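Per this note's numbering, the sequence shown starts with residue 29, numbered consecutively. C-beta atoms are modelled at their ideal positions from N, C-alpha and C, and glycine is treated no differently. Note that the structure is a prediction, hence the values are computed from the model and not measured. Let me begin by presenting the structure, written as structure tokens, before commenting on it.
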Amino acid sequence: MSDWRVSGEVLIACNCDWGCPCNFNARPSKGFCQGGWIWMIDQGRVDAVDVGGLGTAVFATWPGAIHEGGGRATGYIDDRADAQQRAALSRIVKGELGGPWGLFIRTYELAAPVAARFDVRLAQHGSRATIGDVVELELQKIRNPVTQAEVHPEFILPEGLVVKRGALATSSVFRVSDEAEYDHSGKYAAFGRFEYS
Numbered sequence: 029m030s031d032w033r034v035s036g037e038v039l040i041a042c043n044c045d046w047g048c049p050c051n052f053n054a055r056p057s058k059g060f061c062q063g064g065w066i067w068m069i070d071q072g073r074v075d076a077v078d079v080g081g082l083g084t085a086v087f088a089t090w091p092g093a094i095h096e097g098g099g100r101a102t103g104y105i106d107d108r109a110d111a112q113q114r115a116a117l118s119r120i121v122k123g124e125l126g127g128p129w130g131l132f133i134r135t136y137e138l139a140a141p142v143a144a145r146f147d148v149r150l151a152q153h154g155s156r157a158t159i160g161d162v163v164e165l166e167l168q169k170i171r172n173p174v175t176q177a178e179v180h181p182e183f184i185l186p187e188g189l190v191v192k193r194g195a196l197a198t199s200s201v202f203r204v205s206d207e208a209e210y211d212h213s214g215k216y217a218a219f220g221r222f223e224y225s
């Protein structure tokens with residue numbers, strides 16, 4: 029059994045309406061799910077391999093709710109990682125060590141993790157990220173549809189799989205063009221701190 033621990037910030041986006049009912053064990057807004065996560069690791073290690081300062085991501089599509097399975101996904105590993113770090117991050121993304129990946133892997137077929145350039149700016153509601161030429165995500169604050177005033181909803185999920193606490197946003201841009209291709213700009217987005225071991 030490996031000794032591992034990672035912590036950092038995760039960006040989340042999908043095709044659901046703001047709030048994403050899946051967080052509360054309800055059906056996806058559209059009846060199916062397309063989305064994913066970008067994990068930027070502040071500090072972390074897998075056995076003796078330091079993976080701090082690197083990123084991983086998974087983007088997927090499911091025909092129904094995530095827990096019903098039948099999904100297809102692609103994993104991404106920060107191309108700044110050296111060979112040992114890539115091997116360690118690959119084990120994480122494949123779900124071999126546990127964490128949320130250990131559960132997600134039961135719900136989708138994962139293509140072999142791909143090394144790609146992670147260009148990520150973490151700035152809460154102003155966060156933005158590109159992964160290679162396949163993922164583009166930009167967050168912004170949700171606006172009241174009547175007054176256009178910015179709103180700042182947060183959530184607490186004591187049993188949360190990906191995060192226990194986070195903030196809700198909207199994706200001003202959310203496009204994926206890998207094994208699955210979709211554009212869900214203007215839909216659900218969130219960010220929060222994570223710690224797994």
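Nearest-angstrom Cβ-Cβ length linking residue i and residue j, presumed shorter than 8 Å
i      : j      : result
Phe52  : Pro91  : Wrong, their Cβ atoms sit about 21 Å apart, outside the cutoff.
Val79  : Gln113 : 6 Å
Val38  : Gly72  : With a Cβ gap of about 13 Å, Val38 and Gly72 do not count as contacting.
Arg100 : Thr89  : 6 Å
Gln62  : His212 : 6 Å
Ser205 : Leu167 : With a Cβ gap of about 19 Å, Ser205 and Leu167 do not count as contacting.
Cα-Cα separation, residue i to residue j
i      : j      : result
Gly126 : Val74  : 12 Å
Leu189 : Pro173 : 30 Å
Ile120 : Tyr216 : 25 Å
Arg221 : Ala151 : 13 Å
Val179 : Lys169 : 7 Å
Gly214 : Phe183 : 19 Å
Pro181 : Ile40  : 15 Å
Lys58  : Ala111 : 40 Å
Ala177 : Ile133 : 39 Å
Trp46  : Trp32  : 33 Å
Val148 : Gly36  : 13 Å
Cys44  : Glu187 : 20 Å
Glu171 : Tyr210 : One detail in the question is off: residue 171 reads as Arg in this sequence, not Glu. Cα-Cα distance, rounded: 24 Å.
When the options are compared against residue i, the one with the closest alpha-carbon
i      : options                        : result
Ala76  : Tyr104, Asn172, Leu117         : Leu117
Gly123 : Ser30, Gln152, Gly220, Phe219  : Ser30
Ala195 : Ser225, Cys44, Ala41, Phe219   : Phe219
Ile94  : Val174, Asp45, Thr135          : Thr135
Glu96  : Pro181, Tyr224, Ala54          : Ala54
Tyr224 : Val191, Asp206, Ser199, Gly214 : Val191
Cys42  : Thr175, Gly81, Arg203, Val121  : Arg203
Leu165 : Leu185, Ala109, Ala197, Gly47  : Ala197
Ala208 : Gly64, Cys50, Gly47            : Gly64
Ala115 : Gly98, Leu82, Val163           : Leu82
Val229 : Arg145, Val163, Ile133         : Look at the range of the chain in this structure, 29 to 225, and you will see that residue 229 is not part of it.
Phe146 : Ala109, Gly98, Pro56           : Ala109
Leu185 : Cys44, Gly98, Pro49, Thr175    : Pro49
Glu137 : Arg171, Gly36, Gly98           : Gly98
The ligand NAP heavy atom lying under 7 Å from the CB of residue i
i     : result
Gly81 : In terms of ligand content, the structure shown is empty, and the ligand NAP therefore cannot be addressed.
Meets three-Cβ-pair contact criterion under 8 Å: the stretch 65-84 and the stretch 144-164: yes
Quick check: the stretch 158-177 against the stretch 123-138, are at least 3 beta-carbon pairs closer than 8 Å? Fewer than three beta-carbon pairs drawn from the stretch 123-138 and the stretch 158-177 are found closer than 8 Å, and the two stretches are therefore not classed as touching.
Take every Cβ of the stretch 133-151, pair it with every Cβ of the stretch 101-114, and state whether three or more of those distances are shorter than 8 Å. Between the stretch 133-151 and the stretch 101-114, the count of Cβ pairs shorter than 8 Å is three or higher; the stretches touch.
Please go through the stretch 99-142 and give each complete beta strand (DSSP E) segment of 3 or more residues, from N-terminal end onward. Within the stretch 99-142, the complete beta strand (DSSP E) runs of at least 3 residues are 99-106.
Note down, one range per segment and in chain order, each beta strand (DSSP E) of at least 3 residues found wholly within the stretch 179-207. Listed in chain order, they are 182-184, 193-205.
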